[in-house]
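Numbering (the UniProt record's numbering), first residue to last: 1 to 61.
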């Protein structure tokens, strides 16, 4: 029983993180369009943006 409960909690955490990641990726795409970034690959920009925003969410800064 305990193993099932832990698995359910883990699945909930994974789903929550997917939702956060999806939202941050959408924000990053909007920011890419807004800034007209040059000299950086799109995927690198999105990856960096998501990492930075997630760090800010976790650490409150």
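In this text, a Cβ means the ideal position worked out from N, Cα and C, and glycines have one as well.
Discussion item. Once DSSP output is grouped into helix, strand and coil, what is the label at residue 40?
Written reply: Coil, per DSSP.
Worksheet item: When you compare only the Cα positions, how much space is there between residue 52 and residue 10?
Response: Looking at the two C-alpha atoms, the distance is approximately 24 Å.
Item to complete: Can you grab the Cα-Cα spacing for the pair residue 20 / residue 26, in whole Å?
Response: The alpha-carbon of residue 20 is positioned some 10 Å away from that of residue 26.
Discussion item. By the three-class DSSP mapping on this structure, what secondary structure does residue 60 have?
Written reply: Three-state DSSP puts residue 60 in coil, outside helix and strand.
Worksheet item: When the Cα atoms are used, what is the spatial distance from residue 46 to residue 7?
Response: Straight through space, the alpha carbons of residue 7 and residue 46 are spaced by roughly 30 Å.
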